[in-house]
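As structure tokens, the structure follows; a few thoughts come after it.
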Amino acid sequence: MADSSQIRASLFVTCLVDQLFPEVGEAVVGVLRGQGVRVDFPPGQTCCGQPLFNSGFRKDAAELGRRVLDEFEQSAYVVVPSGSCASMMKVFYPEIFRDDPVYGPKAKALSEKVYEFSQFLVKVMGVEDVGASHEGKVAYHPSCHLLRELEAKEEPVTLLEGVEGLEHVPLEDADTCCGFGGTFSVKYPGISQAMLDDKVDNVVKSGASTVTACDASCLMQIRGGLRRRGVGVEARHLAEILWDGK
Amino acid sequence: MSEVKTQEFRRASAKVLANAKLQSYLGRSMGTFDGARAEAIEEISPERWEELRQQGREIKRHTLDNLDYYLEMLQERVTANGGHVHFAKDAAEARAIVGQIAQTRGLKLAIKSKSMVSEEMGLNPFLESIGTEPVETDLGEYIIQLAEETPFHIIAPAMHKSKEEVSELFGEKIGRPNLQDIEAMAGAAREVLREKLVSADMGITGANFLVAETGTVTLITNEGNGRFCTSVPRVLVSITGMEKVVPSMEDLATFIRLLPRAATGQRISSYVTHVYGPKRPEDEDGPEEYHLIIVDNGRSKLLADPDLREALYCIRCGACLNTCPVYRKVGGHSYGWVYPGPIGAVVSPVLVGLERSKDLPNASSLCGACKDVCPIKINIPHMLLKLRSQISEGSPTSSTKASFVDRITSKGYRRLMSSPRLLGMARTLGLLAQWPFSRGSFIRRMPIPPFSRWTRTRDMPALAPKSFRQVWKERLEEEGR
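Top line first, the protein sequences correspond to chains A and B.
Going from the first sequence to our numbering is simple: count from 1 and add 16.
Going from the second sequence to our numbering is simple: count from 1 and add 65.
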């Protein structure tokens with residue numbers, strides 16, 4: 017466990033949060049600062065390149081990857097409020113730059129210091145209770161990359177259960193994908209929608225007033241489905257819940 | 066080769082999505098399979114399961130790294146046991162070998178045990194064309210044969226057929242109308258099949274495993290007819306892919322533990338049949354003549370690609386199909402060739418050609434559930450990603466290229482994201498463009514693709530009035546000082 021008074025972390029906010037959900041970024045900064053972390057925001061950051069990588073454009077993705085590797089080279093830790101973008105940086109950058117003599121080592125170095133938000137709090141900071149309070153029933157949707165590429169099963173749940181007044185309710189088939197899948201959601205909208213329908217059904221069945229996850233992208237999908245069906249359940253990022261009551 | 070319809074994925078999957086009855090049935094029965102697997106793993110403990118998976122993986126890796134050596138050993142042992150080994154480079158060669166065996170010996174009735182490779186080869190229509198009647202004896206395969214369809218699932222080929230549909234089919238095709246319950250239908254099939262079984266002169270099987278050190282072909286089945294096929298007809302032919310070889314009986318034991326648990330949640334299947342070759346003088350029954358046909362049919366391409374080689378580790382348990390949220394929605398036929406689901410999305414494009422299978426690796430949310438349940442821990446999502454790059458950027462073995470629109474979009478996105486300044490300018494334009502469509506922080510309908518494909522069924526978030534980087538600059542940076 018690191019001595020928190022000395023911890024510095026750079027925020028990679030993700031393009032989605034930057035453009036669509038700045039409140040998630042604010043909550044992340046708030047929670048981290050609340051734990052004594054000195055947070056900086058390297059201004060040259062944009063997108064990690066995952067949409068390109070997942071569409072098969074590895075060369076284009078690598079170009080964005082190199083930007084990230086340069087921009088965050090000096091950071092002690094890099095915190096990412098997305099399991100998906102964090103896996104891109106932790107798992108796929110080393111693969112993309114495997115044979116690159118310059119960026120290969122940089123990718124390896126970044127891979128060791130990049131953490132998804134909940135993993136950073138629990139594993140690096142050793143925090144289980146961030147001192148938040150939230151009245152109500154909350155269901156947790158484990159996003160796929162967080163669960164299967166980063167193998168973070170417990171961290172988000174630990175943090176949720178540390179929130180005062182919060183009742184964590186089980187979500188049926190929680191581990192099943194919400195159907196987002198990046199460009200999949202617009203390339204195969206019919207399949208994506210069918211998968212989302214199941215997720216929305218299960219969220220409703222859970223009786224939760226809020227569903228949470230560690231990825232703004234999956235939440236965008238789930239929220240989009242809930243709203244379209246007129247279901248009054250909120251879909252909020254874990255960071256926002258951990259920032260409640262502050 | 067059996068008919069390839071991989072290019073029809075979109076149309077075929079849309080049809081399945083619109084079939085409400087099949088949708089509810091698919092979800093339920095896939096859940097049952099998946100649940101049985103999970104229970105079986107719980108029973109032997111997740112730790113032991115992990116050990117077995119690792120063992121299975123190591124055996125496959127080692128065998129495929131030394132495939133020529135083990136195939137040669139296998140050939141030697143099968144020959145020593147009195148059998149004949151044939152190597153076929155593709156489906157046409159494999160068919161020709163079967164045809165030659167059947168015709169020179171005047172074989173008229175072939176009873177078949179379940180074989181996916183024979184589906185690959187389009188064996189049944191070929192046999193019919195040379196005057197040898199093929200009869201599938203696995204109940205599911207038999208139903209599919211009567212319906213003139215292809216398997217819907219690797220281990221449950223007729224799972225998409227309801228009781229009523231099978232009843233109707235039996236009435237129409239085998240003259241047994243109005244059967245109400247499943248037992249009666251199985252009984253009717255048994256009566257028809259028994260007659261075929263005892264009068265057949267040719268037996269055709271697939272193989273789950275080939276054991277090199279003993280020259281054994283191993284069949285894992287839940288129906289006794291599979292064993293019938295190996296012991297009654299006077300000529301027996303086993304047809305299988307070259308990746309099915311394992312070095313030793315001890316190695317086989319690992320897979321006999323893995324396969325039934327992953328497939329159906331059983332500790333062991335009802336039958337495990339080992340074929341050692343033709344009948345020996347002291348044997349009471351068995352074939353007079355035995356042939357083993359080892360088929361490549363594109364597998365060398367997988368073997369040669371270090372990023373895709375793992376696909377040959379597959380033991381065809383179907384666990385990835387059962388757990389896949391996409392398979393559960395689109396079913397097996399949408400994939401358009403013999404192997405459906407996540408593993409099919411990797412194998413089919415390589416075996417039938419990437420150019421006409423572009424949808425298969427792309428129609429996945431990359432959730433990775435398949436990797437989690439695979440008894441050999443095959444990293445399917447990473448292979449799908451690799452195939453996507455071969456589709457978009459080309460590869461040494463294929464000349465596919467992304468569509469013009471995809472290429473332009475990709476270049477445009479890269480340019481945009483290469484400059485925070487450009488991104489800021491695009492944002493200003495975006496705020497203007499969304500203004501007529503947004504209601505508060507949401508957009509209900511955006512008529513411009515690709516957004517229109519999102520808003521057809523989902524609300525879309527509008528661009529925030531201020532980006533995070535603006536908020537940071539204006540307020541957050543200062544607060545941290």
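All residues carry an ideal CB built from backbone N, CA and C; glycine is no exception.
Quick caveat: nothing in here was measured; it's all calculated off a predicted structure.
Exercise for the section: Check whether the Cβ atoms of E177 of chain A and F533 of chain B sit closer than 9 Å, and answer yes or no. Expected result: Here residue 177 of chain A is taken as the residue at index 161 of the first sequence, counted from 1. Here residue 533 of chain B is taken as the residue at index 468 of the second sequence, counted from 1. Cβ atoms of E177 of chain A and F533 of chain B: not closer than 9 Å.
Problem - Spatial distance of S227 of chain B from Y90 of chain B (CA atoms) - result: Translated into positions along the second sequence, residue 227 of chain B becomes position 162. Translated into positions along the second sequence, residue 90 of chain B becomes position 25. Rounded to the nearest angstrom, the two C-alpha atoms are 9 Å apart.
Exercise for the section: Name the one or two DSSP bridge partners that K261 of chain B has. Expected result: The residue given as residue 261 of chain B occupies position 196 in the second sequence. Beta-bridge pairing links K261 of chain B to no other residue.
Handout entry: Same chain, Cβ closer than 7 Å to W519 of chain B, five either side skipped, listed in chain order
Key = Here residue 519 of chain B refers to the residue found at position 454 when the second sequence is read from its first residue. M525.
Practice task
Go through the region 80 to 163 of chain B residue by residue and report every complete run of the alpha helix (DSSP H) that reaches 4 residues or more, in order.
Solution key: 85 to 109, 111 to 130 and 132 to 145
Exercise for the section: Would you mind working out which of B:V337, B:L172 and B:N84 sits nearest R322 of chain B, comparing C-alpha positions? Expected result: On the second sequence, position 257 is the one that residue 322 of chain B refers to. Looking at the Cα atoms, B:V337 is the closest of the given residues.
Practice task
Return the Cβ separation of F191 of chain B and R160 of chain B in integer angstroms, given the expectation that the two are a contact with Cβ distance under 8 Å.
Solution key: Within the second sequence, residue 191 of chain B is the residue found at index 126, counting from 1. Within the second sequence, residue 160 of chain B is the residue found at index 95, counting from 1. About 5 Å separates the two Cβ atoms, so the contact holds.
Handout entry: Cβ neighbours of S103 of chain A in the same chain (closer than 7 Å, five flanking residues each side left out)
Key = Locating residue 103 of chain A in the first sequence gives position 87, counting from the first residue. If we look at S103 of chain A and ignore the five residues flanking it on each side, its Cβ neighbours are H161, E165 and L166.
Handout entry: Bridge-paired residues (DSSP) for S463 of chain B
Key = Reading the second sequence from its first residue, position 398 is the one you call residue 463 of chain B. Per DSSP, the beta bridge partners of S463 of chain B are B:S460.
Practice task
Specify the secondary structure class of K228 of chain B as computed by DSSP and reduced to three states.
Solution key: Working through the second sequence from its first residue, we reach residue 228 of chain B at position 163. Looking at K228 of chain B - three-state DSSP - the assignment turns out to be helix.
Exercise for the section: Identify, in the order they occur along the chain, each residue of the same chain with its Cβ nearer than 8 Å to the Cβ of G187 of chain B, setting aside the five sequence neighbours on each side. Expected result: Working through the second sequence from its first residue, we reach residue 187 of chain B at position 122. Excluding positions up to five away in sequence, the list reads M66, S67, E68, A156 and R160.
Exercise for the section: Establish whether the CB of A248 of chain A and some CB of chain B are separated by less than 9 Å. Expected result: Here residue 248 of chain A refers to the residue found at position 232 of the first sequence. According to the sequence displayed, residue 248 of chain A carries Gly and not Ala. G248 of chain A does not count as touching chain B.
Exercise for the section: Reducing DSSP to helix, strand and coil, say where A229 of chain A ends up. Expected result: Here residue 229 of chain A corresponds to residue number 213 of the first sequence, with the count starting at 1. Three-state DSSP puts A229 of chain A in a strand.
Problem - Distance CB(G240 of chain A)-CB(L212 of chain A) smaller than 9 Å - result: Taking the first residue of the first sequence as position 1, residue 240 of chain A is located at position 224. Taking the first residue of the first sequence as position 1, residue 212 of chain A is located at position 196. Cβ atoms of G240 of chain A and L212 of chain A: closer than 9 Å.
Practice task
Spell out whether any CB of chain B is found under 9 Å from the CB atom of S20 of chain A.
Solution key: Your numbering for residue 20 of chain A matches position 4 in the first sequence. Unreliable placement is indicated for S20 of chain A, whose pLDDT of 47 sits below 50; no coordinate value is reported for it.
Exercise for the section: Could you name the residues of the same chain whose beta carbon sits closer than 8 Å to that of V200 of chain B, not counting the 5 residues immediately before and after it, in chain order? Expected result: Against the second sequence, residue 200 of chain B aligns to sequence position 135. L174, A175, I176, K177, Y207, Q210, L258, K261 and A265.
Exercise for the section: Taking C-beta pairs closer than 8 Å, name the residues in chain A that K394 of chain B reaches, listed in chain order. Expected result: Looking up residue 394 of chain B in the second sequence gives position 329. Residues of chain A whose Cβ lies closer than 8 Å to the Cβ of K394 of chain B are, in chain order, I207, A210 and M211.
Exercise for the section: Assign V118 of chain A to one of three DSSP states: helix, strand, or coil. Expected result: Taking the first residue of the first sequence as position 1, residue 118 of chain A is located at position 102. V118 of chain A falls in the coil class under three-state DSSP.
Practice task
Kindly indicate which three-state DSSP category R345 of chain B falls into: helix, strand or coil?
Solution key: Working through the second sequence from its first residue, we reach residue 345 of chain B at position 280. DSSP places R345 of chain B in the coil class of the three-state scheme, outside both helix and strand.
Problem - the region 285 to 303 of chain B touching the region 350 to 362 of chain B, judged by at least three CB pairs closer than 8 Å - result: yes
Practice task
Verify the CB distance criterion: does A25 of chain A have a CB-CB separation below 9 Å to chain B?
Solution key: To locate residue 25 of chain A, count along the first sequence from 1; it is residue 9. Output row for A25 of chain A: interface = no.
Handout entry: CA-to-CA distance, R421 of chain B to S463 of chain B, given in whole angstroms
Key = Reading the second sequence from its first residue, position 398 is the one you call residue 463 of chain B. Reading the second sequence from its first residue, position 356 is the one you call residue 421 of chain B. Taking the straight line joining both Cα atoms gives about 11 Å.
Problem - Neighbourhood of S159 of chain A by C-beta, 7 Å cutoff - its chain only, sequence neighbours within 5 removed - result: On the first sequence, position 143 is the one that residue 159 of chain A refers to. Counting only Cβ-Cβ distances below 7 Å, and skipping sequence neighbours, we find G99, S100, A229, C230, D231 and C234.
Problem - With 16 other Cβ atoms within 10 Å as the buried cut-off, status of M95 of chain B - result: Looking up residue 95 of chain B in the second sequence gives position 30. Counting Cβ neighbours within 10 Å, M95 of chain B comes out buried, since at least 16 surround it.
Practice task
Run down chain A in chain order and give the residues with a C-beta less than 7 Å from the C-beta of K80 of chain B.
Solution key: The residue you call residue 80 of chain B lines up with position 15 of the second sequence. Simply none; closest approach about 10 Å.
Exercise for the section: Flag this pair as touching only if the region 298 to 318 of chain B and the region 272 to 281 of chain B have three or more C-beta atom pairs under 8 Å; answer yes or no. Expected result: yes
Practice task
Using a cut-off of 8 Å between C-beta atoms, extract the partners of R453 of chain B located in chain A.
Solution key: The count along the second sequence starts at 1 and reaches residue 453 of chain B at position 388. Within chain A, the residues near R453 of chain B are N70, S71 and G72.
Exercise for the section: Taking Y204 of chain A as the query, report the chain B residues whose CB atoms sit under 7 Å from its CB, ordered along the chain. Expected result: Here residue 204 of chain A is taken as the residue at index 188 of the first sequence, counted from 1. Neighbours of Y204 of chain A on chain B, chain order: A428.
Exercise for the section: Output the distance between the C-alpha atoms of V44 of chain A and E132 of chain A, rounded to the nearest integer angstrom. Expected result: One-based indexing of the first sequence puts residue 44 of chain A at position 28. One-based indexing of the first sequence puts residue 132 of chain A at position 116. Cα-Cα distance, rounded: 11 Å.
Handout entry: Proximal chain B residues relative to M105 of chain A, where beta-carbon distance stays under 9 Å
Key = Numbered from 1 along the first sequence, position 89 holds the residue referred to as residue 105 of chain A. Residues of chain B passing the Cβ test: none, with the nearest at roughly 15 Å.
Problem - Under 9 Å between C-beta atoms of G433 of chain B and I443 of chain B - result: Your numbering for residue 433 of chain B matches position 368 in the second sequence. Your numbering for residue 443 of chain B matches position 378 in the second sequence. Taking C-beta atoms as the reference points, G433 of chain B and I443 of chain B fail to come closer than 9 Å.
Problem - Cross-strand partners of E471 of chain B (DSSP beta bridge) - result: Counted from its first residue, the second sequence places residue 471 of chain B at position 406. In the sequence as displayed, the identity of residue 471 of chain B is Asp instead of Glu. Bridge partners of D471 of chain B: none, in fact.
Exercise for the section: Measure the beta-carbon distance from E151 of chain A to G181 of chain A and round it to whole angstroms, keeping in mind my assumption that it falls under 8 Å. Expected result: Counted from its first residue, the first sequence places residue 151 of chain A at position 135. Counted from its first residue, the first sequence places residue 181 of chain A at position 165. Between G181 of chain A and E151 of chain A the Cβ distance is about 4 Å, and since that is below 8 Å, they are a contact.
Practice task
Taking M307 of chain B as the query, report the chain A residues whose CB atoms sit under 7 Å from its CB, ordered along the chain.
Solution key: The sequence position of residue 307 of chain B within the second sequence is 242, counting from 1. What M307 of chain B touches in chain A: nothing, since even the nearest Cβ is about 29 Å away.
Handout entry: Terminal residues of the beta strand (DSSP E) in which Y93 of chain A lies
Key = Counting from 1 along the first sequence, the entry for residue 93 of chain A is found at position 77. Note, Y93 of chain A: beta strand (DSSP E), Y93 to V96.
Practice task
With hydrogens ignored, establish whether the beta-carbon of D189 of chain A is closer than 8 Å to any heavy atom of the ligand MN.
Solution key: Within the structure as shown, the ligand MN is missing, as the structure has no ligands at all.
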